[in-house]
Amino acid sequence: MLDIKFIRDNLELVKTSIKNRGLKIDLEEIIQIDNSRREVLKELDSLRAKKNEANREISALLKAKKDVKPKIAAMKEAADKIDALEAKLKEINPSLESSLLNIPNIAHYSVPVGDASKKEISSSWGKKRDFDFPPVSHIELAENLDIIDFPRATKISATNFILYKGWAAKLERALINFMLDLHTKKHGYTEIFPPFLVNRASMTGTGQLPKLEEDMYRFKDDDLFLIPTAEVPLTNIHRDEILNEEDLPIYYAAYTACFRREAGSYGKDTKGLIRVHQFDKVELVKFVRPQDSYAELEKLLQDAREVLQLLDLPYRVIILPTADISFAASKCYDLEVYAPGIDKWLEVSSCSNFESFQARRANIRFRNKDTKELDFVHTLNGSGIALARTMVAILENYQQKDGSILVPKVLKPYVDGKERIQ
RNA sequence: GGAGGGGUACCGAAGUGGUUAUAACGGGCCGCUCUCGAAAAGCGGUUGGGCCGUAAGGCUCACGCGAGUUCGAAUCUCGCCCCCUCCGCCA
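Given below as structure tokens:
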């Protein structure tokens with residue numbers, strides 16, 4: 079959420095930001111709403127001051143055992159006017175609030191302006207493997223090895239759910255442990271195991287709501303949502319809190335399953351593991367001082383990259399352009415891993431700086447140790463990394479001519495030393 | 001799920017319709033005095049939001065959240081959320 083004062087003072091900047099994202103939002107209307115809100119507020123406050131004054135007088139008269147009737151009549155009149163204005167405010171406030179919740183964050187100046195065609199490959203790592211046979215897709219590999227059962231997953235749940243079996247299940251668990259170990263032992267993150275269901279306030283705090291409600295699995299009776307990413311519970315750990323500057327930065331890492339309805343994407347990537355309703359992910363979340371957030375973004379990106387490097391998977395780093403970064407983010411890097419079987423680059427991580435956008439929504443502040451003033455923290459998060467697509471990359475990159483899969487070296491200790499799935 | 005108790009500031013806690021965050025009192029924390037220094041003691045300070053204002057400052061809102069009663073609500077009524085105790089169920 080952007081501060082209404084900031085919007086008022088930087089109207090052109092915000093307009094440009096919205097335009098650069100390819101969106102249309104009537105800011106003038108929002109300014110109008112805010113103007114009327116402030117007008118009502120001014121009048122309301124002065125009436126309240128009068129009422130408070132009259133109340134004090136009544137109190138004094140009562141003490142002196144004098145007649146209070148005329149005063150009470152006057153106060154009633156003021157109270158009625160106040161009621162009317164408060165009713166007006168109750169119409170204005172939610173409308174302003176919901177308008178503000180729908181304004182996207184402002185992109186960092188370093189973000190390329192434009193649509194998807196403006197995305198930049200900022201760097202790449204590793205080489206595409208030379209196969210002396212035509213590499214096949216993870217679907218074919220997994221079905222031949224009988225380690226993923228697509229039809230039965232559909233039977234149990236619905237289309238685009240996964241059922242890992244045997245060594246794929248073990249490999250999934252190995253990947254989770256490997257990633258959590260890396261981030262907690264080497265990169266200094268504190269491991270968290272959060273709830274997978276969260277309430278509406280949490281979903282609004284990180285910016286999934288109100289915009290993306292139809293993309294979420296929701297439990298109507300309880301108004302709880304299945305998390306689409308651990309970003310939601312992790313960031314909301316400190317919702318409505320005031321942190322000490324000395325405690326920053328705070329780093330959290332968590333494994334969770336992630337649930338996405340993928341409404342509106344039917345017919346896209348319908349086969350295999352590319353777009354599924356439930357996938358595993360290790361997520362990294364940071365709370366930092368504003369002046370540190372861009373340096374922290376680079377470190378976060380590095381932490382995520384290291385996962386792919388240790389797995390020896392070729393990948394590239396994309397800087398997303400203004401129209402492609404998520405609603406809440408100021409800057410976002412995507413990591414795309416190469417899958418030779420389907421010959422595609424797969425997004426396995428997004429590393430974003432949200433600056434104060436989420437912190438303002440979720441009311442996460444810290445006290446500056448010098449000035450003693452309160453300020454919003456900056457929040458960041460990145461996948462470190464998403465598993466289903468990483469599984470695709472491992473299966474397809476490590477496939478052998480005979481259809482077996484070599485186990486990446488770093489994962490061997492996590493799969494009882496096994497070297498090859500066959 | 002049932003019964004009972006509770007939610008007030010950094011913490012504990014009083015306040016159960018009349019000057020409403022000058023919400024007593026105790027503790028913690030910060031500053032000052034005293035001291036060679038410390039402790040003790042004494043004094044002062046210590047919630048957050050909104051509006052107006054260059055500022056100084058002024059006004060205003062908030063006692064879990066939301067409605068209501070009243071000229072006036074931390075205090076009364078209703079709904080919701082959360083915590084505690086007991087009972088039931090349960091991996």
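Residue numbers (the working numbering): 79 to 500. Ideal Cβ placement from N, Cα and C applies to all residues, glycine included.
Taking residue i as part of the alpha helix (DSSP H), name the residues at either end of that continuous run.
{"i": "F209", "result": "Element bounds for F209: n/a, residue is neither H nor E."}
{"i": "E309", "result": "E309 to T313"}
{"i": "I328", "result": "Per DSSP, I328 belongs to no alpha helix (DSSP H); it is in the beta strand (DSSP E), I328 to F337."}
{"i": "H216", "result": "H216 to L223"}
{"i": "Q356", "result": "Q356 -> not in any alpha helix (DSSP H); beta strand (DSSP E) instead, spanning Q356 to V366."}
{"i": "I254", "result": "W245 to D259"}
{"i": "I108", "result": "L105 to K141"}
{"i": "I150", "result": "K147 to L179"}
{"i": "S59", "result": "What the structure shows of the chain is the stretch from 79 to 500, and residue 59 is not part of that stretch, so it cannot be assessed."}
{"i": "K233", "result": "F228 to I234"}
For residue i and residue j, what's the separation of their Cα atoms in angstroms?
{"i": "I305", "j": "D480", "result": "39 Å"}
{"i": "L378", "j": "L249", "result": "25 Å"}
{"i": "A471", "j": "I184", "result": "34 Å"}
{"i": "Y476", "j": "T313", "result": "35 Å"}
{"i": "Y492", "j": "F256", "result": "7 Å"}
{"i": "I160", "j": "F337", "result": "47 Å"}
{"i": "K359", "j": "A236", "result": "20 Å"}
{"i": "F297", "j": "F303", "result": "6 Å"}
{"i": "K154", "j": "P172", "result": "27 Å"}
{"i": "S137", "j": "F444", "result": "41 Å"}
{"i": "V488", "j": "D193", "result": "38 Å"}
{"i": "R502", "j": "A401", "result": "Not covered by the structure: residue 502. The range shown for the chain is 79 to 500."}
{"i": "E361", "j": "R116", "result": "41 Å"}
{"i": "K447", "j": "D453", "result": "11 Å"}
{"i": "G462", "j": "K264", "result": "13 Å"}
{"i": "K243", "j": "E107", "result": "55 Å"}
{"i": "Q380", "j": "L391", "result": "15 Å"}
{"i": "Y329", "j": "D158", "result": "52 Å"}
{"i": "F228", "j": "F239", "result": "8 Å"}
{"i": "T268", "j": "V426", "result": "22 Å"}
{"i": "F271", "j": "C410", "result": "25 Å"}
{"i": "I199", "j": "Q500", "result": "36 Å"}
{"i": "K120", "j": "L167", "result": "11 Å"}
{"i": "T348", "j": "L260", "result": "32 Å"}
{"i": "D494", "j": "E474", "result": "22 Å"}
{"i": "L91", "j": "L424", "result": "34 Å"}
{"i": "Q387", "j": "I217", "result": "24 Å"}
Assuming residue i is part of the beta strand (DSSP E), what are its boundary residues?
{"i": "R86", "result": "It is not in any beta strand (DSSP E) - R86 instead sits in the alpha helix (DSSP H) that spans I82 to D87."}
{"i": "R394", "result": "Y393 to I397"}
{"i": "E414", "result": "K409 to A417"}
{"i": "I320", "result": "E319 to N322"}
{"i": "S201", "result": "E198 to W203"}
{"i": "T468", "result": "T468 -> not in any beta strand (DSSP E); alpha helix (DSSP H) instead, spanning L465 to N475."}
Around the C-beta of residue i, are 16 or more other C-beta atoms found within 10 angstroms, so that it is buried, or is it exposed?
{"i": "P212", "result": "exposed"}
{"i": "E324", "result": "exposed"}
{"i": "K176", "result": "Looking at the sequence shown, residue 176 is not Lys but Ser. Exposed, because fewer than 16 other Cβ atoms sit within 10 Å of the Cβ of S176."}
{"i": "D299", "result": "exposed"}
{"i": "D208", "result": "exposed"}
{"i": "G100", "result": "exposed"}
{"i": "F432", "result": "buried"}
{"i": "Y187", "result": "exposed"}
{"i": "N222", "result": "exposed"}
{"i": "Q110", "result": "exposed"}
{"i": "Q286", "result": "buried"}
{"i": "I234", "result": "exposed"}
To the nearest whole angstrom, what separates the beta carbons of residue i and residue j, a pair I think is in contact under 8 Å?
{"i": "D104", "j": "L174", "result": "About 13 Å separates the two Cβ atoms, so there is no contact after all."}
{"i": "G266", "j": "A382", "result": "Actually they are not in contact, since the Cβ atoms of G266 and A382 sit about 14 Å apart, beyond 8 Å."}
{"i": "P399", "j": "V191", "result": "7 Å"}
{"i": "R317", "j": "I442", "result": "6 Å"}
{"i": "R353", "j": "V415", "result": "So it is not a contact: roughly 15 Å between Cβ atoms."}
{"i": "V455", "j": "V310", "result": "Not really, about 17 Å apart at Cβ, beyond 8 Å."}
{"i": "L458", "j": "S430", "result": "6 Å"}
{"i": "L258", "j": "A331", "result": "6 Å"}
{"i": "A132", "j": "A152", "result": "6 Å"}
{"i": "G283", "j": "A440", "result": "3 Å"}
{"i": "L241", "j": "A231", "result": "4 Å"}
Using DSSP's beta-bridge definition, name the partner residues of residue i.
{"i": "G460", "result": "L362 and C429"}
{"i": "N277", "result": "L302"}
{"i": "F444", "result": "L321 and D453"}
{"i": "T268", "result": "Y330"}
{"i": "F297", "result": "L302"}
{"i": "R498", "result": "L484"}
{"i": "K422", "result": "A417"}
{"i": "Y242", "result": "I226"}
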